[in-house]
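S.K.: Protein chains in written order, with our numbering: chain A, 112 to 490; chain B, 105 to 252.
Glycine included, every Cβ here is placed at the ideal spot set by N, Cα and C.
Below is one structure. I have some questions about it.
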Amino acid sequence: MRAACAIVGMGVTAQGIGLGIESRELRAQAVDLALADARLERDAIDGYIHTYLDREDLRYMGLSPNFSVSMMTGGATPVFSILSAIGMIVSGQAEMVACVYGQAQSARVARGGQTIGGYGYGYPTLYGLVGAAATHALHARRHMHLYGTTSRHLGAVAVTQRNYACVRPGTLGYDKPITLEDHQASPMIADPFRRYDCTRDTDGGVAVLVTTAERARSLRSDPVYILGAGTGHNIAHWHRGTVYENHDNIGPAKERAFSQAGMTLADIQMAQLYDPFTISPLMQIEAYGFVAEGQGGPFYADGGAAADGPIPTNTGGGQLSAYYTTGFTGIIEAVLQLRGQAGAGQLRRAETALVSGHGMNAGVQNTWAHATAILGMHA
Amino acid sequence: MRGQPDMETIVRDLGGDPLDLPFWQACGEGRFLLHRCGVCRRHYWPASRCVRHGAQNMAWVEGSGRGTLYTYTVIHHAYTASMKGRVPYVVGVIQLDEGPFFHSNVVGCPLERLAVGQPLRATMIEHESGLVVPVFRPIALVGDHSQT
Numbered sequence: 112m113r114a115a116c117a118i119v120g121m122g123v124t125a126q127g128i129g130l131g132i133e134s135r136e137l138r139a140q141a142v143d144l145a146l147a148d149a150r151l152e153r154d155a156i157d158g159y160i161h162t163y164l165d166r167e168d169l170r171y172m173g174l175s176p177n178f179s180v181s182m183m184t185g186g187a188t189p190v191f192s193i194l195s196a197i198g199m200i201v202s203g204q205a206e207m208v209a210c211v212y213g214q215a216q217s218a219r220v221a222r223g224g225q226t227i228g229g230y231g232y233g234y235p236t237l238y239g240l241v242g243a244a245a246t247h248a249l250h251a252r253r254h255m256h257l258y259g260t261t262s263r264h265l266g267a268v269a270v271t272q273r274n275y276a277c278v279r280p281g282t283l284g285y286d287k288p289i290t291l292e293d294h295q296a297s298p299m300i301a302d303p304f305r306r307y308d309c310t311r312d313t314d315g316g317v318a319v320l321v322t323t324a325e326r327a328r329s330l331r332s333d334p335v336y337i338l339g340a341g342t343g344h345n346i347a348h349w350h351r352g353t354v355y356e357n358h359d360n361i362g363p364a365k366e367r368a369f370s371q372a373g374m375t376l377a378d379i380q381m382a383q384l385y386d387p388f389t390i391s392p393l394m395q396i397e398a399y400g401f402v403a404e405g406q407g408g409p410f411y412a413d414g415g416a417a418a419d420g421p422i423p424t425n426t427g428g429g430q431l432s433a434y435y436t437t438g439f440t441g442i443i444e445a446v447l448q449l450r451g452q453a454g455a456g457q458l459r460r461a462e463t464a465l466v467s468g469h470g471m472n473a474g475v476q477n478t479w480a481h482a483t484a485i486l487g488m489h490a
Numbered sequence: 105m106r107g108q109p110d111m112e113t114i115v116r117d118l119g120g121d122p123l124d125l126p127f128w129q130a131c132g133e134g135r136f137l138l139h140r141c142g143v144c145r146r147h148y149w150p151a152s153r154c155v156r157h158g159a160q161n162m163a164w165v166e167g168s169g170r171g172t173l174y175t176y177t178v179i180h181h182a183y184t185a186s187m188k189g190r191v192p193y194v195v196g197v198i199q200l201d202e203g204p205f206f207h208s209n210v211v212g213c214p215l216e217r218l219a220v221g222q223p224l225r226a227t228m229i230e231h232e233s234g235l236v237v238p239v240f241r242p243i244a245l246v247g248d249h250s251q252t
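Rendered as structure tokens:
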């Protein structure tokens, strides 16, 4: 199963707040950029996955694939879309699948729609449990109680990722450094999260083209292989009563992904972890086993996730400091790093990457879906 | 002509699940119910199918309305207009003595004295929607006799 398929094209539009471009246009631009990146004509795309709930406008996109599927499992959707693309390719339904995201969040909010941050779900809404910050804060508070994790540890995540964004043009955090004191002085949102622990909705489009490894090699010299992947659902932790200690159900996802890739953690050179809030990469670094349980805070405070640390993490600034593409941000960054296109932020060692996605509860808060993918340059 | 909205409408409008209506109805009578599997006696909240035995033996039974604070957040940012007059407030996850988690407001406790693990008990209050709902208060604050 290792490296059955690869990414041969990627298109990333402008990313930011208030771009004034509608959602389908962001997707269309992203697809055009991905086709140009792969040096392919439009008719090469014979499968289409829209990583959102609504139907796709293929007429507007100027595409004629064998299928167009809309899928949604929150911020895990982008990784799931790539796994689904592999499934469609391996089952003979398509050769070149476009996995596409494009949302104009600011236009939606201007029309009176709710911000992503203001989402509520289920009976806890009546008690004022509104917004993803509040639900993720429940993970953070439990972690603080169990391990002595502090607000300054969370701040270290924010500063680490901002440092990466500072040298990455086109991100929200470009040339805008923050200090730990800035983090500590930022207003409280949902305790223990302050402003700088949280992401902001941004507008932007992304398209990734997935094909067989064989065809990928014929198209370009630097395809990015999907070496392995796995999934795990936090509903299992809900049923066990351990949902707040677990940001995701990474165990089974990790086992399957590394087994498929024939790799161990020591083979991973960077991590691009889903980061709606600062607690998220901190807990995932532990859950994958890069550090012992409870040691995520000190790891970040000691610079462990920085470019010269043991596992550079969210190296483009992540969703916290770069832009929020509901889970594509880590895939984009992994592809840029692996291809050597990360500019001033290029890592010295960049041949393998761990990518995660997370989101969409399954009937009660904090029961998130999760997907892990291992990407690399060598099949 | 329509009078007061019925309880199902209120529960739906609040984001709740009509499956839990027996729970909310019992709150109006001062009782705190839990959903329980008659085979393995495991308690659930919200209404669930038992992960081992399915729906067939699930029934509502009276619970203690007591538990401990498992984790919590203090909401400071008002995402919606209705939150503006309320912040800051505490949303806690209470691990009930019978096992399940229950999200609720923790009241009657100064923010600086909130602590994971503290014992809490349910008190019924009338929500702005008209629904009677449980909120949780500390059972005892050591050295503090001001609690009602």
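Taking 7 Å as the cut-off, is the C-beta of A:Leu146 nearer than that to any heavy atom in the ligand GDP?
M.R.: Although the ligand GDP was asked about, the structure shown includes no ligands whatsoever.
S.K.: Under 8 Å between the Cβ atoms of A:Val278 and A:Gly456?
M.R.: Position 167 of the first sequence, counting from 1, holds the residue named residue 278 of chain A. Position 345 of the first sequence, counting from 1, holds the residue named residue 456 of chain A. In contact: A:Val278 and A:Gly456 (Cβ atoms closer than 8 Å).
S.K.: Comparing the C-beta of B:Ser168 with each C-beta of chain A, is any distance below 8 Å?
M.R.: Within the second sequence, numbered from 1, the residue matching residue 168 of chain B stands at position 64. By this cut-off, B:Ser168 is not an interface position.
S.K.: Taking DSSP as the reference, what is the three-state secondary structure of B:Leu218?
M.R.: Numbered from its first residue, the second sequence carries residue 218 of chain B at position 114. Coil at B:Leu218, not helix or strand.
S.K.: Using a threshold of 8 Å, state whether the C-beta atoms of A:His469 and A:Ser391 are closer than that.
M.R.: Indexing the first sequence from 1 puts residue 469 of chain A at position 358. Indexing the first sequence from 1 puts residue 391 of chain A at position 280. Yes, the pair counts as a contact, with Cβ atoms nearer than the cut-off.
S.K.: So, under 8 Å CB-CB, A:Ile379 and A:Ile337 are touching, yes? Tell me the CB distance rounded to an integer number of Å.
M.R.: Counting from one through the first sequence, the residue named residue 379 of chain A turns up at place 268. Counting from one through the first sequence, the residue named residue 337 of chain A turns up at place 226. Not really, about 14 Å apart at Cβ, beyond 8 Å.
S.K.: Using DSSP's beta-bridge definition, name the partner residues of A:Arg263.
M.R.: Along the first sequence, read from residue 1 onward, the residue named residue 263 of chain A stands at position 152. According to DSSP, A:Arg263 bridges with nothing at all.
S.K.: Pull up the CB-CB distance for A:Ala114 and A:Gly158, whole angstroms please, since I reckon it's below 8 Å.
M.R.: Translated into positions along the first sequence, residue 114 of chain A becomes position 3. Translated into positions along the first sequence, residue 158 of chain A becomes position 47. So it is not a contact: roughly 19 Å between Cβ atoms.
S.K.: What residues in the stretch 231–252 of chain A bring their beta carbon closer than 7 Å to a beta carbon of chain B?
M.R.: Residues passing the 7 Å Cβ filter: Gly231, Tyr232, Gly233, Tyr234, Pro235, Thr236, Leu237, Tyr238, Gly239, Leu240, Val241, Gly242, Ala245, Ala248, Leu249 and Arg252.
S.K.: Contact defined as beta carbons within less than 8 Å: I believe A:His247 pairs with A:Gly266. What is the distance between those atoms, to the nearest angstrom?
M.R.: Position 136 of the first sequence, counted from the start, is the residue given in the question as residue 247 of chain A. Position 155 of the first sequence, counted from the start, is the residue given in the question as residue 266 of chain A. Going by Cβ atoms, the distance from A:His247 to A:Gly266 rounds to 16 Å, so no, they are not a contact pair.
S.K.: Given a threshold of 16 other Cβ atoms within 10 Å of its Cβ, counted over all protein chains shown, does B:Asn161 qualify as buried or as exposed?
M.R.: By one-based count along the second sequence, residue 161 of chain B stands at place 57. Under this definition B:Asn161 is an exposed residue.
S.K.: By alpha-carbon positions, which one of A:Asp286, A:Gly242, A:Gly339 and A:Arg135 ends up nearest to A:Gln487?
M.R.: As a first step, residue 487 of chain A must be located in the first sequence, where it is residue number 376. The sequence shown places Gly at residue 487 of chain A, rather than the Gln named in the question. Comparing Cα-Cα distances from A:Gly487 to each of A:Asp286, A:Gly242, A:Gly339 and A:Arg135, the minimum goes to A:Gly339.
S.K.: With DSSP collapsed to three states, give me the class of A:Met488.
M.R.: Translated into the one-based positions of the first sequence, residue 488 of chain A becomes position 377. If DSSP states are grouped into helix, strand and coil, A:Met488 belongs with coil.
S.K.: Chain B beta carbons: is any one of them nearer than 8 Å to that of A:Ala301?
M.R.: Here residue 301 of chain A is taken as the residue at index 190 of the first sequence, counted from 1. Output row for A:Ala301: interface = yes.
S.K.: List in chain order: all unbroken alpha helix (DSSP H) runs of 4+ residues lying wholly within the stretch 393–430 of chain A.
M.R.: Listed in chain order, they are 407–412.
S.K.: Please decide whether B:Thr227 counts as near chain A, where near means a Cβ-Cβ distance under 8 Å.
M.R.: Along the second sequence, read from residue 1 onward, the residue named residue 227 of chain B stands at position 123. Taking Cβ atoms only, chain A never reaches closer than 8 Å to B:Thr227, which makes this a no.
S.K.: Run the CB neighbour count on A:Asp333, radius 10 Å, all protein chains shown included, and call it buried at 16 or more, exposed below.
M.R.: Taking the first sequence and counting its residues from 1, one reaches residue 333 of chain A at position 222. By the 10 Å Cβ count, A:Asp333 comes out exposed.
S.K.: Under the assumption that B:Val210 contacts B:Phe240 (Cβ atoms under 8 Å), give the Cβ distance between them as a whole number of angstroms.
M.R.: Counting from one through the second sequence, the residue named residue 210 of chain B turns up at place 106. Counting from one through the second sequence, the residue named residue 240 of chain B turns up at place 136. Right, their Cβ atoms sit about 5 Å apart.
S.K.: To the nearest angstrom, report how far apart A:Val335 and A:Ile118 are at their CA atoms.
M.R.: Taking the first sequence and counting its residues from 1, one reaches residue 335 of chain A at position 224. Taking the first sequence and counting its residues from 1, one reaches residue 118 of chain A at position 7. So the alpha carbons of these two residues sit roughly 5 Å apart.
S.K.: Put B:Arg146 into one of helix, strand or coil per three-state DSSP.
M.R.: Translated into the one-based positions of the second sequence, residue 146 of chain B becomes position 42. DSSP places B:Arg146 in coil when its eight states are reduced to three.
S.K.: Quick one: what's B:Thr172 bridged to in DSSP?
M.R.: By one-based count along the second sequence, residue 172 of chain B stands at place 68. Beta-bridge pairing links B:Thr172 to B:Gln199 and B:Pro223.
S.K.: Check A:Ile379 in the structure and name its three-state DSSP category.
M.R.: Counting from one through the first sequence, the residue named residue 379 of chain A turns up at place 268. A:Ile379: coil per DSSP, three-state reduction.
S.K.: Check whether chain B comes within 8 Å of A:Ala218, counting only Cβ atoms and requiring the distance to be less than that.
M.R.: On the first sequence, residue 218 of chain A is found 107 positions in, with the first residue counted as 1. It does not; no Cβ of chain B falls within 8 Å.
S.K.: Taking any Cβ of chain A, which residues in the stretch 171–198 of chain B have a Cβ under 7 Å from it, in chain order?
M.R.: Within the stretch 171–198 of chain B, the qualifying residues are Tyr174, Thr175, Tyr176, Thr177, Val178, Ile179, His180, His181, Tyr183, Thr184, Met187, Arg190, Tyr193, Val195 and Val197.
S.K.: Determine the chain A residues that contact B:Asn209 at a beta-carbon separation under 9 Å, and present them in chain order.
M.R.: Your numbering for residue 209 of chain B matches position 105 in the second sequence. The answer, in chain order, is Tyr238 and Gly239.
S.K.: Would A:Gly129 and A:Val317 qualify as a contact pair, given that the criterion is a beta-carbon distance under 8 Å?
M.R.: Looking up residue 129 of chain A in the first sequence gives position 18. Looking up residue 317 of chain A in the first sequence gives position 206. The answer is no: Cβ separation not under 8 Å.
S.K.: Just the Cα atoms here: how many angstroms apart are B:Pro238 and B:Ser208?
M.R.: Looking up residue 238 of chain B in the second sequence gives position 134. Looking up residue 208 of chain B in the second sequence gives position 104. The straight-line gap from Cα to Cα measures roughly 7 Å.
S.K.: With DSSP as the reference, please indicate the residues paired to A:Tyr212 in a beta bridge.
M.R.: As a working note, residue 212 of chain A is residue 101 in the first sequence. Answer is A:Val317.
S.K.: Considering only the beta carbon of each residue, do B:His147 and B:Glu202 sit closer than 8 Å?
M.R.: As a first step, residue 147 of chain B must be located in the second sequence, where it is residue number 43. As a first step, residue 202 of chain B must be located in the second sequence, where it is residue number 98. Yes; because the gap between Cβ atoms is below 8 Å, this pair is in contact.
S.K.: How far does the alpha helix (DSSP H) with A:Leu164 in it reach, from first residue to last?
M.R.: Locating residue 164 of chain A in the first sequence gives position 53, counting from the first residue. Note, A:Leu164: premise wrong, no alpha helix (DSSP H); not H, not E.
S.K.: Check whether the stretch 130–150 of chain A and the stretch 351–370 of chain A touch, using three or more Cβ-Cβ pairs below 8 Å as the test.
M.R.: No, the stretch 130–150 of chain A is not in contact with the stretch 351–370 of chain A.
S.K.: For the structure I just gave you, are there three or more beta carbon pairs, one from the stretch 281–296 of chain A and one from the stretch 439–448 of chain A, closer than 8 Å?
M.R.: With a cut-off of 8 Å, the stretch 439–448 of chain A and the stretch 281–296 of chain A do not count as touching, because too few Cβ pairs lie within range.
S.K.: Nearest-angstrom Cα distance between A:Tyr275 and A:Thr437?
M.R.: Position 164 of the first sequence, counted from the first residue, corresponds to residue 275 of chain A. Position 326 of the first sequence, counted from the first residue, corresponds to residue 437 of chain A. C-alpha separation (whole angstroms): 19 Å.
S.K.: Taking A:Thr260 as the reference, which of A:Tyr411, A:Ala418, A:Ser432 and A:Leu458 has the closest Cα?
M.R.: In the first sequence, counting from the first residue as 1, residue 260 of chain A sits at position 149. Of the listed residues, the one whose Cα sits closest to A:Thr260 is A:Tyr411.
S.K.: Can you check whether the C-beta of A:His264 is within less than 8 Å of a C-beta belonging to chain B?
M.R.: Residue 264 of chain A sits at position 153 when you count from the first residue of the first sequence. Taking Cβ atoms only, chain B never reaches closer than 8 Å to A:His264, which makes this a no.
S.K.: With distances taken between CB atoms, is the gap from B:Gly142 to B:Ala163 smaller than 8 Å?
M.R.: Counting from 1 along the second sequence, the entry for residue 142 of chain B is found at position 38. Counting from 1 along the second sequence, the entry for residue 163 of chain B is found at position 59. In contact: B:Gly142 and B:Ala163 (Cβ atoms closer than 8 Å).
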